[in-house]
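Asks: Residue numbers 33 to 424, in the working numbering, belong to the letters of the sequence shown in order. The beta-carbon is built from N, C-alpha and C at its ideal position, and this holds for glycine as well. No experiment lies behind these values; they were computed from the predicted model shown. The structure follows.
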Amino acid sequence: MQKAKLFFTFLLLLVVSVMVACGSDDSAGSGEESDVTPVGNLDVEMDGPIKINSNIPEGSEIYSEGPNGEEAVSAHTIELTEEEVAEIREGNYTAAISMHYAGNDWSQAQINGLESTFAKMGIEVLAITDAQFSVEKQTSDLETLLSREPDILVSIPVDPVSTASAYQRAADKGIDIVFMDNVPEGFVHGEDYVSAVSADNYGNGVAAAHAMAEELGDEGQIGVIYHDSDFFVTGQRVEAFETTIENEYPGIEIIDRAGIAAPEDGESVVSSMLTRTRDLDGLFVVWDVPAEGAMAAARTAGLDDLVITTIDLGSGVALDMARDQNIKGIGAQLPYDQGVSEAILAGYALLGKEAPPYVAVPALSVTKDNLLESWKLVYNEEAPEEIQGFFD
33 MQKAKLFFTF LLLLVVSVMV ACGSDDSAGS GEESDVTPVG NLDVEMDGPI KINSNIPEGS
93 EIYSEGPNGE EAVSAHTIEL TEEEVAEIRE GNYTAAISMH YAGNDWSQAQ INGLESTFAK
153 MGIEVLAITD AQFSVEKQTS DLETLLSREP DILVSIPVDP VSTASAYQRA ADKGIDIVFM
213 DNVPEGFVHG EDYVSAVSAD NYGNGVAAAH AMAEELGDEG QIGVIYHDSD FFVTGQRVEA
273 FETTIENEYP GIEIIDRAGI AAPEDGESVV SSMLTRTRDL DGLFVVWDVP AEGAMAAART
333 AGLDDLVITT IDLGSGVALD MARDQNIKGI GAQLPYDQGV SEAILAGYAL LGKEAPPYVA
393 VPALSVTKDN LLESWKLVYN EEAPEEIQGF FD
C-alpha cells in the first residue's frame, strides 16, 4: 500500500513537471491574468531534511561573489530539518514564481526544483510567469502576482534597475523575496529580500576557458559573444572567461567581441563576426541558447572545426557535444539544485531564521567524457534517449 502511494505521488509530480515544461500559448501576452500559469498544490510526504543533491562535490571552490561583493556561502551549508519542515507545513503558505524567461532547459529545471521542494514543505505555488526578457511584461506579471497575495516570491529580474520599483512594492507588502542571480538596485539584504541564489558563474566561465584552451592546444585566435545588458551573472561569466584566457593562456588571443541583446540574436551576431573574421579557431558564447545560434552560423559558414564553449547544459548544446560537433566544453550550472536552495531559503524566512545574503551552487565542468553523468546532476534525471544513443 505504501509503495502504491509513493508511486502515485511520483506520477503526480511527473505530470505537473511536464505541464510546466510545456507551458501554454496563453503565457505570451501583455502580462494580464491569462498570462499567469496556474499551478496546483502538491502535497507530498516528507521524510528527512531538505538539502541539495549529495552527489555534488562539497569541496568545490566557489569563485563568484554576490551582486554587491558578498562572499558566497555554499549551497551545501543550508538545509531544513525534518522538524522545521513540519513547522512550515502547518502554516499553509503560498508562493509565486516570476521568471525573466522560461523558454529554456535552465529555467524549467529551476522551476522543477522549486516546485518539488515547495511540495515537500506543503507550500502551494499559486502561479508562474514568463517575462520573455521584457521589463514591461515582468512589471505587469509582478502586479498580477501581488494581487494574489503570496507569502513568498521567487524571481529573477529582467533588469535590476528598471524592475526595482515593482519588486519594492512586493517588499513593502511584507512578501518574503528570494532572488535568482540578480538583485534589484537599492535592495538591502534582510530588509527588502531574504537572499540571492546563483550558480558559481565566475567558476563556470573559468571552466569554459580551460576547456577552450585544452581543445586548441593552448594556441589560437578566438572570439567572444557577450550579453549586452546590465545582467550581473552573465557579466561574471565573460569576465572570468576572458581573464582566465589572458592570464593563463598567452598563446590564445581574443581578436573579436560582439554582444547579443536577446537569446535569439546568436546566429545573426555570430554570422557577422565570422564574415569579418574568417580565421577564428574558437568562440565563447555566454550561454547555451545563443550558442545554438552560433552552431548554426558555423555550419552555414562551413566551419565544422570551430571550437565553441559556453555556459549551461541545454539539450541543444548537449546533443551537439554528443555528436562530436562544435561544442567542446560547457561550464554547467545546477539549476534544479538552485531551485531547491531558493525554496530552502524561503523556508528560512518563514521560520524567522537568518539567511546569508548570497548562496552559490558549485560550478560543473562538462565534456563529452562526463556528459551523461553531468546531465543527471544538472536535471536530477537521466539524459534524453537521443543523447544517450551516442554512447551506446
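Are methionine 244 and valine 229 touching if we call contact CB-CB under 8 Å?
Replies: The count along the sequence shown starts at 1 and reaches residue 244 at position 212. The count along the sequence shown starts at 1 and reaches residue 229 at position 197. Not a contact, by the Cβ cut-off of 8 Å.
Asks: With burial defined as no fewer than 16 other Cβ atoms inside 10 Å of the residue's Cβ, what is the status of threonine 307: buried or exposed?
Replies: Mapped onto the sequence shown, residue 307 falls at position 275. Answer is exposed; the Cβ neighbour count stays below 16.
Asks: Specify the secondary structure class of valine 318 as computed by DSSP and reduced to three states.
Replies: Here residue 318 refers to the residue found at position 286 of the sequence shown. Three-state DSSP puts valine 318 in coil, outside helix and strand.
Asks: Taking the alpha carbon of valine 317 as the point to measure from, which residue in Ile340, Arg180, His242 and Thr309 has its own alpha carbon closest?
Replies: The residue given as residue 317 occupies position 285 in the sequence shown. Taking only the C-alpha atoms, the option nearest valine 317 is Ile340.
Asks: Between the beta-carbon of aspartate 313 and the beta-carbon of glycine 363, is there less than 8 Å?
Replies: For the purposes of this step, residue 313 is identified with residue 281 of the sequence shown, where counting begins at 1. For the purposes of this step, residue 363 is identified with residue 331 of the sequence shown, where counting begins at 1. Not closer than 8 Å, so no.
Asks: To the nearest angstrom, report how far apart proline 144 and valine 301 are at their CA atoms.
Replies: Residue numbering aside, residue 144 sits at position 112 when the sequence shown is read from its first letter. Residue numbering aside, residue 301 sits at position 269 when the sequence shown is read from its first letter. According to the sequence as given, residue 144 is asparagine; it is not proline. Each residue's alpha carbon lies about 32 Å from the other.
Asks: Of all the options Leu338, Ile110 and Pro216, which has the alpha carbon lying nearest to the alpha carbon of methionine 305?
Replies: Translated into the one-based positions of the sequence shown, residue 305 becomes position 273. It is Leu338 whose Cα lies nearest to the Cα of methionine 305.
Asks: Using CA coordinates, which residue listed in Gly135, Lys152 and Ile184 is at the minimum distance from alanine 159?
Replies: In the sequence shown, residue 159 corresponds to position 127, counting from 1. Checking every option, the nearest Cα to that of alanine 159 belongs to Ile184.
Asks: Just list the alpha helix (DSSP H) runs in the region 276-349, keeping only unbroken ones of 4 residues or longer that don't cross its boundaries, in chain order.
Replies: 298-308 and 320-332, all fully within the region 276-349.
Asks: For serine 194 and serine 261, I'd like the C-alpha separation in whole angstroms.
Replies: Within the sequence shown, residue 194 is the residue found at index 162, counting from 1. Within the sequence shown, residue 261 is the residue found at index 229, counting from 1. Computed Cα separation, rounded: 12 Å.
Asks: So is aspartate 232 buried or exposed if we call it buried at 16+ other beta carbons inside 10 Å?
Replies: On the sequence shown, position 200 is the one that residue 232 refers to. Under this definition aspartate 232 is a buried residue.
Asks: Take tyrosine 95 as the anchor and find which of Leu396, Ile284, Ala203 and Ile254 has the nearest alpha-carbon.
Replies: If you number the sequence shown from 1, residue 95 lands on position 63. Nearest option by C-alpha distance: Leu396.
Asks: Report the option in Thr399, Arg331, Ile188 and Val391 whose CA atom is closest to the CA atom of glutamate 111.
Replies: For this step, residue 111 is matched to residue 79 along the sequence shown. Of the listed residues, the one whose Cα sits closest to glutamate 111 is Val391.
Asks: I need the straight-line Cα distance from tyrosine 199 to aspartate 336, nearest angstrom please.
Replies: Indexing the sequence shown from 1 puts residue 199 at position 167. Indexing the sequence shown from 1 puts residue 336 at position 304. Whole-angstrom Cα-Cα distance: 45 Å.
Asks: Apart from the five residues on each side of it in sequence, which residues of its chain come closer than 8 Å, Cβ to Cβ, to phenylalanine 165?
Replies: Walking along the sequence shown from the start, residue 165 turns up at place 133. Closer than 8 Å at Cβ, skipping near neighbours: His132, Tyr133, Val190, Ala294 and Pro295.
Asks: Hey, how far is the Cα of glutamine 268 from the Cα of tyrosine 234?
Replies: As a working note, residue 268 is residue 236 in the sequence shown. As a working note, residue 234 is residue 202 in the sequence shown. If I take the Cα positions, the gap works out to 5 Å.
Asks: With a cut-off of 8 Å on the beta carbons, I'd call proline 182 and alanine 128 a contact; round off their distance for me.
Replies: The residue given as residue 182 occupies position 150 in the sequence shown. The residue given as residue 128 occupies position 96 in the sequence shown. Contact holds; Cβ gap of about 4 Å.
Asks: Applying the 10 Å Cβ sphere with the 16-neighbour rule, what's the burial state of threonine 276?
Replies: Here residue 276 is taken as the residue at index 244 of the sequence shown, counted from 1. Its Cβ being crowded by 16 or more others within 10 Å, threonine 276 is buried.
Asks: Drop a sphere of 10 angstroms on the beta-carbon of lysine 408, count the other beta-carbons inside from all chains shown, and report buried for 16 or more, exposed for fewer.
Replies: Locating residue 408 in the sequence shown gives position 376, where the first residue counts as 1. Counting Cβ neighbours within 10 Å, lysine 408 comes out exposed, since fewer than 16 surround it.
Asks: Using a Cβ-Cβ cutoff of less than 7 Å, which residues in the same chain neighbour serine 406 once the five nearest sequence positions on both sides are dropped?
Replies: Locating residue 406 in the sequence shown gives position 374, where the first residue counts as 1. Once the five neighbours on either side are set aside, the close Cβ partners of serine 406 are Leu345, Ala364, Leu396 and Val398.
Asks: Nearest CA to the CA of glutamate 122: which residue from Gly98, Gln142, Thr149 and Met153?
Replies: Here residue 122 refers to the residue found at position 90 of the sequence shown. Ranking the options by Cα distance to glutamate 122, first place goes to Met153.
Asks: Hey, could you find the ends of the alpha helix (DSSP H) lysine 152 is sitting in?
Replies: Locating residue 152 in the sequence shown gives position 120, where the first residue counts as 1. Lysine 152 -> alpha helix (DSSP H) spans 137-152.
Asks: So, at 7 Å on beta carbons, what are the nonlocal neighbours of leucine 178 in its own chain, with the 5 sequence-adjacent residues on each side left out?
Replies: Position 146 of the sequence shown, counted from the start, is the residue given in the question as residue 178. Here the set comprises Arg201, Ala202 and Lys205.
Asks: For the alpha helix (DSSP H) that contains tyrosine 199, what are its first and last residues?
Replies: Here the question's residue 199 lines up with position 167 in the sequence shown. Its alpha helix (DSSP H) spans residues 196-204.
Asks: In or out: alanine 118 buried (at least 16 other Cβ within 10 Å) or exposed?
Replies: Counting from 1 along the sequence shown, the entry for residue 118 is found at position 86. With fewer than 16 other Cβ atoms within 10 Å, it is exposed.
Asks: Given this structure, state the Cα-to-Cα distance separating aspartate 162 from leucine 174, to the nearest angstrom.
Replies: Here residue 162 corresponds to residue number 130 of the sequence shown, with the count starting at 1. Here residue 174 corresponds to residue number 142 of the sequence shown, with the count starting at 1. Cα to Cα, the separation comes out at about 10 Å.
Asks: I need the boundaries of the beta strand (DSSP E) containing glycine 490, first residue and last residue.
Replies: As shown, the chain starts at 33 and ends at 424. That puts residue 490 outside it, with no answer to give.
Asks: Let me know the secondary structure DSSP gives tyrosine 125 once reduced to three states.
Replies: As a first step, residue 125 must be located in the sequence shown, where it is residue number 93. In this structure, tyrosine 125 counts as coil in the three-state DSSP scheme.
Asks: Would you call phenylalanine 219 buried or exposed, if buried means 16 or more other Cβ atoms sit within 10 Å of its Cβ?
Replies: In the sequence shown, residue 219 corresponds to position 187, counting from 1. Classification of phenylalanine 219: buried, given that the 10 Å Cβ count is 16 or more.
Asks: In or out: serine 139 buried (at least 16 other Cβ within 10 Å) or exposed?
Replies: Your numbering for residue 139 matches position 107 in the sequence shown. So serine 139 counts as buried.
Asks: Determine the closest residue to asparagine 402 out of Val238, Glu246 and Ala354, with distance taken between C-alpha atoms.
Replies: As a first step, residue 402 must be located in the sequence shown, where it is residue number 370. The shortest Cα separation from asparagine 402 among Val238, Glu246 and Ala354 belongs to Ala354.
Asks: Can you tell me which of Asp352, Asp356 and Ala333 puts its alpha carbon nearest to the alpha carbon of glutamate 324?
Replies: As a working mapping, residue 324 is identified with position 292 in the sequence shown. Ranking Asp352, Asp356 and Ala333 by Cα distance to glutamate 324 puts Asp352 first.
Asks: Taking buried to mean at least 16 other C-beta atoms within 10 Å of its own C-beta, is aspartate 250 buried or exposed?
Replies: Along the sequence shown, read from residue 1 onward, the residue named residue 250 stands at position 218. Its Cβ having fewer than 16 others within 10 Å, aspartate 250 is exposed.
Asks: So, helix, strand or coil for threonine 113, using DSSP?
Replies: Here residue 113 is taken as the residue at index 81 of the sequence shown, counted from 1. In this structure, threonine 113 counts as coil in the three-state DSSP scheme.
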